[in-house]
Amino acid sequence: MLRTFSTLAFAAAVYGQQVGTLTAEKHPSMAIQACTASGCTKEDTAVVLDANWRWTHVTSGYTNCYDGNKWNATACPDGKTCAANCAIDGADYEKTYGITTPSDGALKLQFVTKNQDGANVGSRVYLTAAGDGSKYRLFNLLNKEFTFDVDVSNLPCGLNGAVYFSEMLEDGGLSAYPGNKAGAKYGTGYCDSQCPRDIKFINGEANVGNWSGSSSDANSGAGSYGSCCAEMDIWEANLDATAYTPHPCKVSKQTRCENDADCGAGDANRHSGFCDPDGCDFNSFRMGNTEFYGTGKTVDTSKPFTIVTQFITADGTDSGALVQINRFYVQGGTVIPNSQSAVTGVDPVNHISDDFCQQQKKAFSDNNYFSTVGGLTGMGKSLENMVLVLSVWDDHAVSMNWLDSNYPTTSPATSPGVARGRCDPAAGEPKTVESAHPDASVIYSNIKIGSLNSTFKAQ
Ligand SMILES: *[C@@H]1O[C@H](CO)[C@@H](O)[C@H](O)[C@H]1NC(C)=O
Ligand SMILES: *[C@@H]1O[C@H](CO)[C@@H](O)[C@H](O)[C@H]1NC(C)=O
Ligand SMILES: *[C@@H]1O[C@H](CO)[C@@H](O)[C@H](O)[C@H]1NC(C)=O
Numbered sequence: 001m002l003r004t005f006s007t008l009a010f011a012a013a014v015y016g017q018q019v020g021t022l023t024a025e026k027h028p029s030m031a032i033q034a035c036t037a038s039g040c041t042k043e044d045t046a047v048v049l050d051a052n053w054r055w056t057h058v059t060s061g062y063t064n065c066y067d068g069n070k071w072n073a074t075a076c077p078d079g080k081t082c083a084a085n086c087a088i089d090g091a092d093y094e095k096t097y098g099i100t101t102p103s104d105g106a107l108k109l110q111f112v113t114k115n116q117d118g119a120n121v122g123s124r125v126y127l128t129a130a131g132d133g134s135k136y137r138l139f140n141l142l143n144k145e146f147t148f149d150v151d152v153s154n155l156p157c158g159l160n161g162a163v164y165f166s167e168m169l170e171d172g173g174l175s176a177y178p179g180n181k182a183g184a185k186y187g188t189g190y191c192d193s194q195c196p197r198d199i200k201f202i203n204g205e206a207n208v209g210n211w212s213g214s215s216s217d218a219n220s221g222a223g224s225y226g227s228c229c230a231e232m233d234i235w236e237a238n239l240d241a242t243a244y245t246p247h248p249c250k251v252s253k254q255t256r257c258e259n260d261a262d263c264g265a266g267d268a269n270r271h272s273g274f275c276d277p278d279g280c281d282f283n284s285f286r287m288g289n290t291e292f293y294g295t296g297k298t299v300d301t302s303k304p305f306t307i308v309t310q311f312i313t314a315d316g317t318d319s320g321a322l323v324q325i326n327r328f329y330v331q332g333g334t335v336i337p338n339s340q341s342a343v344t345g346v347d348p349v350n351h352i353s354d355d356f357c358q359q360q361k362k363a364f365s366d367n368n369y370f371s372t373v374g375g376l377t378g379m380g381k382s383l384e385n386m387v388l389v390l391s392v393w394d395d396h397a398v399s400m401n402w403l404d405s406n407y408p409t410t411s412p413a414t415s416p417g418v419a420r421g422r423c424d425p426a427a428g429e430p431k432t433v434e435s436a437h438p439d440a441s442v443i444y445s446n447i448k449i450g451s452l453n454s455t456f457k458a459q
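If you count the sequence shown from 1, position 291 lands on 291 in the UniProt record's numbering, and the numbers rise without skipping.
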């Protein structure tokens, strides 16, 4: 799913993964609550901007190590030298990236932010644990529920406001990789189930080998290496579409892939890599209920609402096998169960289980690589150590059609599984959406993690 991008800020420095000091790094506060049947306790968590968005410059001065979508060959002849020569710097969250905290426990991500260097498009942040900001907040989601409020009323077709978990290392790889001196405090160590190759530093080395600039994104490119790990998409959504999707991997924790086969790169390798890039998605529209989600629908996206996701284990313990993922919404004090599947060949359920995934993949003629790499049990093992990710992004690969329009674009919209939302397939072209809706934004708030049924109230 993810893409990154950024314009360069100019400001302070952290090194290479060295640390630059030209801009002070100050994480915006975003408190969450940890709940049990007897109540909730506040945790003083914060968010940190991903390293890829940051200014990367030589440790000795202001020269860019990475500019546009190219590496400086002098500073970065190879990955190790580059990591030693270059620093990533602190971020001005509001001015450069449009990241603000409008109220206690709330985070607003602006889509396009005009700044001193031009403009920044999209952002991705991670939740850090209470303390000095050098560790991500690790979550064990098994036998728990995860709840938050969202306002997608200003997030049109083609955009994706995402809340998800990735199996990143708690310190961002600082202790595992000597070349990484920045760590979680500077947002290092990202990984997901697409094994993204646009990550500039992986495992303490720059990803300069075979780097080529993107043809559609002046600020992005891809190297030989990718950064893989299991990913649990709680929420990928805009005003008109939503999906929740587990993506397991054969590998445990953040793992670097070094060739097309392991990275699952290209159509030929899509179902041979370390991770499942497709996942097993529950998108209400795709599952046959086109009236459930959207403006004026059962879940009315013109107003804020609450999203509850429950991770049910076979034995009801926090280490049992994951067997089911439930979804509820709460809006205006009413609990709204997820929509039921109305697809021929799929039981009329409103949750994700291995049976649901198997039936859905068959009904839609999709490869069940989800099952091959471990299914829900595999996903569950990863869920014991997850890092929370919040982002807003547009899609340079396929214009977000997989979420809110018809996909694959070459198949008739009437083929089972192709129609995923009512958006125009052209609406999500980055050029179009960036010029038509630069002021788009999403607000996430009121995040809670807790025992089952402890984070929301049925009225
Ligand atoms: C590349 O970096 C070197 C210093 O390492 C610097 O002298 C040179 O000007 C840089 N080149 C560009 C194009 O920025
Ligand atoms: C660049 O690609 C070639 C051919 O795929 C590969 O053999 C080589 O190892 C790659 N270089 C790096 C640094 O990964
Ligand atoms: C949570 O609430 C649901 C619906 O009221 C109920 O079926 C379920 O047993 C409850 N689970 C726990 C662990 O309390």
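Cβ atoms here follow ideal geometry from the backbone N, Cα and C, with glycine treated the same way. The model shown is predicted, which means the values in this text are computed figures rather than measured ones.
Check: CB contact below 9 Å: C86 versus chain B; Outcome: Note that chain B does not occur in the displayed structure, where there is just one protein chain.
Check: Per-residue burial, Y244 [other beta carbons within 10 Å of its own, 16 or more giving buried]; Outcome: buried
Check: Inter-residue spacing [alpha-carbon to alpha-carbon] between N69 and A413; Outcome: 36 Å
Check: Every unbroken beta strand (DSSP E) within the region 174-233, with a cutoff of 3 residues, ordered by chain; Outcome: 226-228
Check: Contact check, G173 vs G223, beta carbons under 9 Å; Outcome: no
Check: Residue from S302, Q254, K253 whose Cα sits closest to the Cα of L239; Outcome: S302
Check: Residues surrounding ligand 2 [beta-carbon distance to nearest heavy atom under 6 Å]; Outcome: G209, N210, S224
Check: Sub-9 Å separation of G380 and F311 beta-carbons; Outcome: yes
Check: L45 versus T96: straight-line alpha-carbon distance, rounded; Outcome: According to the sequence shown, residue 45 is Thr rather than Leu. Near 22 Å, if we compare the C-alpha coordinates of T96 and T45.
Check: Where E79 falls: helix, strand or coil (DSSP); Outcome: Checking the sequence, you will find Gly at residue 79 rather than Glu. Correct three-state label for G79: helix.
Check: Any non-hydrogen atom of ligand 3 within 8 Å of L452 CB; Outcome: yes
Check: Contact test: D78 Cβ vs ligand 1 heavy atom, cutoff 8 Å; Outcome: no
Check: With 16 other Cβ atoms within 10 Å as the buried cut-off, status of E170; Outcome: buried
Check: A73 Cβ short of 8 Å to ligand 1 heavy atom set; Outcome: yes
Check: Straight-line gap, H271 to C249 (C-alpha atoms, nearest Å); Outcome: 11 Å
Check: Pair within 9 Å by beta-carbon distance, F111 and D439; Outcome: yes
Check: Beta-carbon proximity of V389 to F165, cut-off 9 Å; Outcome: yes
Check: Cα-Cα separation, G133 to T23; Outcome: 16 Å
Check: Validate contact between the region 332-345 and the region 354-362 using beta carbons, cut 8 Å, 3 pairs; Outcome: yes
Check: Local conformation of A119 per DSSP, three classes; Outcome: strand
Check: Cβ distance (whole Å) where P430 is taken to contact S216 below 8 Å; Outcome: 7 Å
Check: According to DSSP, residues forming a beta bridge with G161; Outcome: A237, V392
Check: A314 classed as buried or exposed, judged by whether at least 16 other C-beta atoms fall within 10 angstroms; Outcome: exposed
Check: Heavy atom of ligand 1 within 8 Å of V58 beta-carbon; Outcome: yes
Check: DSSP-derived helix/strand/coil call for A13; Outcome: In this prediction, A13 has a pLDDT of 42, which is less than 50 and means its spatial position is unreliable; nothing more can be read from the coordinates.
Check: Which of helix, strand or coil DSSP assigns to R96; Outcome: This sequence places Thr at residue 96; Arg is not what is there. Here T96 sits in helix by DSSP.
Check: Proximity winner among T41, E94, T56, relative to P28 (alpha-carbon distances); Outcome: E94
Check: As assigned by DSSP and simplified to three states, the class of Q358; Outcome: helix
Check: Check whether Y136 and A51 have beta carbons under 9 Å apart; Outcome: no
Check: Which residues DSSP lists as bridging W71, in chain order; Outcome: Y66
Check: V433 - DSSP class collapsed to helix/strand/coil; Outcome: helix
Check: Own chain partners of T56 with C-beta closer than 6 Å, once the 5 adjacent residues on each side are dropped; Outcome: C65, Y66, C86, I88
Check: Meets three-Cβ-pair contact criterion under 8 Å: the region 138-152 and the region 373-387; Outcome: yes
Check: Residue burial classification, Q254 (beta-carbon count within 10 angstroms, cutoff 16); Outcome: buried
Check: Where A268 falls, given that 16 or more other Cβ within 10 Å makes a residue buried; Outcome: exposed
Check: A34, buried or exposed, once every other Cβ within 10 Å from all chains shown has been counted against 16; Outcome: buried
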